[in-house]
Structures are given as C-alpha cells and as structure tokens.
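Numbering (the numbering used here), first residue to last: 21 to 397.
Contents: one structure, followed by commentary.
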Ligand SMILES: Cc1cc2nc3c(=O)[nH]c(=O)nc-3n(C[C@H](O)[C@H](O)[C@H](O)COP(=O)(O)OP(=O)(O)OC[C@H]3O[C@@H](n4cnc5c(N)ncnc54)[C@H](O)[C@@H]3O)c2cc1C
C-alpha cells in the first residue's frame with residue numbers, strides 16, 4: 021500500500037496529526053495494539069492545566085484551548101472540557117512555598133491564594149489540620165479524552181484516512197525516495213513517516229536510522245478508591261501539594277489518586293508497582309479522611325520525556341522525510357490539538373500555522389536538532 025504519509029502510533033498524538041494531515045494528502049495510520057489508545061492516551065489523569073510545564077509547553081496548551089472549546093461541527097457529541105479547578109495545598113508551616121506557584125500564573129489565568137478554611141471548604145476530603153493555605157487555579161478543566169480521541173479518529177476516517185490496528189512496524193527502509201515499512205508480512209510505502217509512537221518513538225527512530233534524541237519513558241501509577249460514605253466529591257477540585265508529588269481528583273464520583281511517580285523504565289505494557297500503591301494509600305490516609313479498605317482499580321502509564329521537557333516536533337536531520345512527534349511528557353492530551361496542527365503544517369507547508377507562529381511557538385524550540393548529542397531526560 022502506497023500513501024503520502026504513514027503515521028506510526030494511534031494514540032492522541034498520532035490521531036491528531038493524522039486528522040490534520042488527511043487534508044493534505046493520503047494518510048495511513050498504523051497501530052501496534054488491536055485498539056487505539058491502549059497505552060498512555062488511555063491512562064492519563066485527563067486534566068487541562070494551562071499553568072503546568074515550562075513556558076513553551078504552556079504556550080502550546082494555551083493554543084489548544086480554542087479547539088477544545090469550539091471543535092469543528094460534528095467532532096464530538098459532548099463538551100471536550102468541563103470545569104474542575106485545582107487546589108495546591110501547603111501544610112501548616114509550608115505556606116511560603118505557595119509563592120512560587122502564585123508567581124508563575126499566566127495573565128488572564130490567575131492563581132488565587134486561599135485561606136485554610138476556604139481551601140478545606142473546597143476539598144472537604146482533606147484533614148483540616150493538614151491544610152495551612154492553598155493556591156487555587158479555577159481554570160483547570162477535565163478533558164473528555166475518549167471524546168477527543170474518537171473525534172480525531174472519526175474525523176480522520178471521514179477525511180479519507182485509513183487506520184490499521186494490530187500491526188507493529190518492525191522495519192523501516194528508505195529507498196528510491198520513499199519509505200518502506202513492514203509489519204511481519206505486511207508492507208507499506210510512504211513519502212513521509214510520522215513517528216508518533218509515544219514511549220516507543222526512540223525505537224522507531226532507531227529503525228529509521230534517525231538521530232538520537234534521548235527519549236526516556238517514565239512510569240506513573242494511579243488508583244481509584246471510593247470516597248467516604250455520604251460525601252459527594254463531584255464538584256471537588258483536583259488537589260495537589262507543595263510538599264509532595266502525589267495528587268488526587270474526583271473521577272466519576274470516586275477518587276483517582278497518584279503518587280506522582282516518575283520511574284525510568286523500558287517501553288512496555290507498564291503495570292503498577294505494589295509498593296508505590298502501598299505508599300500512596302498510607303499517604304492518602306494521613307492527608308485525608310479516606311479510609312481505604314479496597315482499591316477499585318489501579319493502573320500505570322508511561323510519560324515520555326526528552327532532556328528539556330519540551331515536545332519534539334520536526335523533521336530529523338539524518339533520516340530523510342522522517343518526522344518526530346514525540347516527548348509529550350505529562351501534557352500530551354492538552355497539547356494534542358496544537359501539536360497535531362503544528363505537525364501537519366510543518367510536514368505539508370514547511371511552517372507552523374500562522375496563529376501558532378504569532379502565539380510565540382517557534383519551530384526551533386520544538387525541532388529535534390536542539391537535542392542532538394545532549395543528555396537524556
Ligand atoms: C498517569 C498519567 C497521567 C497523565 N495525566 C495527563 C493529564 O492530566 N493531561 C495531559 O495532557 N496529559 C497527561 N498525561 C500524559 C499523556 O497521557 C501523554 O502525553 C499522551 O497520552 C501521549 O500520547 P501519545 O499518542 O504520544 O502516546 P501513546 O498514547 O502511548 O500512543 C503511542 C502509540 O504508538 C503505538 N506504537 C508504538 N510502537 C509502535 C510500532 N512499532 N508500530 C505501530 N504502533 C506503535 C503504541 O501501541 C501506542 O498506542 C498523563 C500520563 C499518565 C501516564
């Protein structure tokens with residue numbers, strides 16, 4: 021099968037790029053698993069937080085907002101964003117540490133300082149004596165990840181794109197001006213390869229003979245537990261802490277919690293670590309009024325980083341017509357609308373769409389060449 025663009029990986033990154041690219045030429049998206057979204061995309065905390073990550077990540081997430089709020093007609097049956105809010109709690113004695121958080125809030129998306137009693141009113145699950153003060157970010161939203169991902173996949177199909185699941189690309193060869201990809205006995209040819217393989221993007225780069233970008237996968241664990249009987253947590257904000265990487269948030273009437281772990285690990289179908297969960301349960305019972313007798317479910321997902329924690333979007337300098345869309349870290353869902361457009365713009369016209377350029381997102385900041393020869397994440 022011969023196409024213009026072969027997208028490897030049908031998570032949120034590949035799906036967004038394939039959807040946008042389908043307007044520019046023929047696109048085949050290949051996914052190793054039997055269903056798209058099985059890895060990081062189906063395992064996230066599903067939050068849209070503008071004030072998260074470094075300055076470039078924030079610009080990218082901000083630039084996604086319009087798409088989330090006003091997706092194209094027919095893209096999704098439900099809103100892609102719903103208000104959640106986010107509290108960052110400082111224990112008594114730690115209040116001064118909130119200043120760093122208040123200082124980084126973006127104009128128009130301010131973060132407010134709350135007293136202990138106001139913070140406790142918003143998050144009644146907390147033990148009152150564990151709250152000294154808090155920063156509150158009202159603009160944080162829940163993302164309907166399934167609706168976003170399905171919207172991209174459906175729109176991609178409507179635009180004439182083709183998705184093939186259950187095919188793991190195991191060989192890439194550039195010959196006579198085209199890429200030749202194989203998965204077992206199946207062979208595909210394309211002018212351009214888009215590497216959206218998430219934690220496996222480094223392996224795909226190696227198959228193509230591309231330059232080394234130092235991508236590192238890190239495990240993050242999550243659990244779901246029941247809230248205390250009679251406590252409606254539906255309107256509670258997400259809660260994180262100046263003194264800990266752990267956080268929790270409401271999830272369909274229950275509580276999702278994560279220790280905020282980032283353990284380097286080889287790309288794989290990652291599973292939660294029992295010790296991480298035990299430590300998390302102990303911490304939750306110390307900070308909140310939760311008494312955890314049963315864990316309703318648990319999972320782990322991979323977040324993939326390069327050294328500067330900025331995504332990698334651009335053509336490789338070594339492998340011809342080989343495009344990187346990798347290193348989305350802990351922001352890949354909220355960045356997807358922008359990065360899908362950025363990738364399609366660069367691939368089909370050689371530049372980002374003009375609204376992205378005027379927002380201050382420059383191609384060199386995302387280009388893989390910034391990473392050559394540097395340290396790994
Ligand atoms: C616990 C957790 C919480 C998170 N919370 C948030 C959050 O609140 N907000 C946010 O924006 N982000 C969050 N993230 C990050 C976000 O989930 C990721 O950045 C995003 O899902 C990355 O998407 P992706 O498409 O690049 O990767 P993936 O979803 O992993 O997709 C890559 C795909 O490539 C396929 N693939 C790999 N190798 C091959 C091959 N050889 N051939 C064919 N296919 C291949 C894989 O099977 C996979 O389906 C979180 C992540 C985790 C783990």
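We put the CB at the ideal spot given by N, CA and C, even for glycine.
Predicted, not measured: the structure shown is a model, and the values here were computed from it.
Task: Span of the alpha helix (DSSP H) around residue 355 - done: Residue mapping note: residue 355 aligns to position 335 of the chain shown, counting from 1. Note, residue 355: alpha helix (DSSP H), 352-369.
Task: Separation of residue 321 from residue 291, as counted between CA atoms - done: Position 271 of the chain shown, counted from the first residue, corresponds to residue 291. Position 301 of the chain shown, counted from the first residue, corresponds to residue 321. Answer to the nearest angstrom: the Cα atoms are 8 Å apart.
- [ ] Put residue 32 into one of helix, strand or coil per three-state DSSP.
- [x] What you label residue 32 is simply residue 12 of the chain shown in a count that begins at 1. Helix, per DSSP.
TODO: Consider the C-beta atom of residue 102 and the heavy atoms of ligand 1; say whether any pair is separated by less than 8 Å.
DONE: Numbered from its first residue, the chain shown carries residue 102 at position 82. No, since every heavy atom of ligand 1 falls outside the 8 Å radius drawn around the Cβ of residue 102.
Open item on the list: Within 8 Å, do at least three Cβ pairs link the segment 87-94 to the segment 239-248?
Closed with: no
TODO: Evaluate residue 267 with the Cβ neighbour count: other Cβ atoms within 10 Å of its Cβ, from every protein chain shown; 16 or more gives buried, anything less gives exposed.
DONE: The residue you call residue 267 lines up with position 247 of the chain shown. Residue 267 is buried by the Cβ-count criterion.
Task: Any non-hydrogen atom of ligand 1 within 8 Å of residue 190 CB - done: Taking the chain shown and counting its residues from 1, one reaches residue 190 at position 170. Yes; taking the cut-off as 8 Å, the Cβ of residue 190 has a heavy atom of ligand 1 nearer than that.
Open item on the list: ligand 1 and residue 60: does the residue's C-beta get closer than 8 Å to at least one heavy atom of that ligand?
Closed with: For the purposes of this step, residue 60 is taken as the residue at position 40 of the chain shown. Answer for residue 60: yes, Cβ within range of ligand 1.
Task: Backbone secondary structure at residue 193 - three-state DSSP - done: For the purposes of this step, residue 193 is taken as the residue at position 173 of the chain shown. Residue 193: strand per DSSP, three-state reduction.
Task: Cβ-based neighbour list, residue 22, same chain, cut-off 6 Å, excluding 5 preceding and 5 following - done: By one-based count along the chain shown, residue 22 stands at place 2. These residues qualify, in order along the chain: 209.
Task: Segment contact, 8 Å Cβ cut-off, at least three pairs: the segment 304-311 with the segment 214-233 - done: no
Open item on the list: Can you look up residue 251 in the DSSP assignment and give me helix, strand or coil?
Closed with: Here the question's residue 251 lines up with position 231 in the chain shown. Three-state DSSP puts residue 251 in coil, outside helix and strand.
Task: Residues sharing a beta bridge with residue 157, DSSP - done: Walking along the chain shown from the start, residue 157 turns up at place 137. DSSP, once it has assigned bridges, lists 106 as partnering residue 157.
TODO: Label residue 107 either buried or exposed according to how many other C-beta atoms from any shown protein chain fall within 10 Å of its C-beta, with 16 as the threshold for buried.
DONE: The residue labelled residue 107 in the question sits at position 87 within the chain shown. Burial call: buried.
TODO: Return yes when at least one heavy atom of ligand 1 lies under 8 Å from the C-beta of residue 78, else no.
DONE: The residue you call residue 78 lines up with position 58 of the chain shown. No; taking the cut-off as 8 Å, the Cβ of residue 78 has no heavy atom of ligand 1 nearer than that.
- [ ] Per DSSP, which residues does residue 238 bridge with? Please list them.
- [x] Stepping through the chain shown from its first residue, residue 238 is reached at position 218. Looking at the DSSP assignment, residue 238 forms a beta bridge with 284, 323.
Task: Host alpha helix (DSSP H) of residue 75 (start-end) - done: On the chain shown, residue 75 is found 55 positions in, with the first residue counted as 1. 75-89 is the extent of the alpha helix (DSSP H) around residue 75.
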